[in-house]
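Every letter in the sequence shown is one number past the one before it in the working numbering, and letter 82, counting from 1, is 98.
Every residue, glycine too, gets a C-beta built ideally from N, C-alpha and C.
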Amino acid sequence: PTPAPVAPTPVTSVETSEDDMTGFFDDDEPEATTYSLHSLTTEETWPILTRPVIIGRSSMRSEISVSRDSSLSRSHAQIYEQDGQVIVTDLGSKNGTHIGSHRIQPHTPTIVPDGALLRLGHVAFNVVKEQA
Numbered sequence: 017p018t019p020a021p022v023a024p025t026p027v028t029s030v031e032t033s034e035d036d037m038t039g040f041f042d043d044d045e046p047e048a049t050t051y052s053l054h055s056l057t058t059e060e061t062w063p064i065l066t067r068p069v070i071i072g073r074s075s076m077r078s079e080i081s082v083s084r085d086s087s088l089s090r091s092h093a094q095i096y097e098q099d100g101q102v103i104v105t106d107l108g109s110k111n112g113t114h115i116g117s118h119r120i121q122p123h124t125p126t127i128v129p130d131g132a133l134l135r136l137g138h139v140a141f142n143v144v145k146e147q148a
């Protein structure tokens with residue numbers, strides 16, 4: 017028999033500060049990390065940065081905007097890389113954030129495994145580790 021999928025791992029400690037969202041749209045972008053977020057719908061790819069980046073349908077509230085899909089909340093989730101791991105947090109969205117088939121708890125930073133299917137509402141992404 018095929019083993020059951022493993023549930024996502026919530027992060028027990030995340031180092032954040034009040035400055036995490038300062039300069040939301042500043043030109044001084046941190047360097048991209050070794051991970052990227054690849055849309056399975058639009059074929060677009062975004063680097064996953066070392067600071068939180070908001071994903072949603074509102075271009076005014078999100079740095080990664082998927083405005084064509086109403087299943088996403090205006091500010092649906094945030095994603096970033098920390099210590100070689102990708103972390104996603106659902107921001108209390110209506111349709112939830114899923115890693116594989118598991119819905120993650122809102123407002124709980126959760127590790128996204130390399131190659132995992134990440135679904136926000138009905139929009140699917142792959143988290144991909146870039147080859148050096």
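| Asked | Found |
| --- | --- |
| Looking only at C-alpha atoms, which of 59, 79, 70 and 117 sits nearest to residue 134? | 117 |
| Sorted by chain position, which residues of the same chain lie with C-beta nearer than 6 Å to residue 26's C-beta, five sequence neighbours on each side aside? | 124 and 126 |
| Taking the beta carbon of residue 147 as the centre, do at least 16 other beta carbons fall within 10 Å, making it buried, or is it exposed? | exposed |
| For residue 138, does the count of other Cβ atoms within 10 angstroms reach 16, so buried, or fall short, so exposed? | exposed |
| Rank 128, 75, 97 and 143 by C-alpha distance to the C-alpha of residue 89 and give the top, closest one. | 75 |
| Grab the span of the beta strand (DSSP E) containing residue 114 for me, first residue to last. | 113 to 115 |
| For a test of the three-state rule: what should DSSP assign to residue 77, helix, strand or coil? | coil |
| Measuring only the C-alpha atoms, how far is residue 60 from residue 140? | 11 Å |
| Let me know the secondary structure DSSP gives residue 102 once reduced to three states. | strand |
| For residue 70, list the residues DSSP reports as bridge partners. | 94 |
| Counting along the chain, where does the beta strand (DSSP E) carrying residue 63 start and finish? | 61 to 63 |
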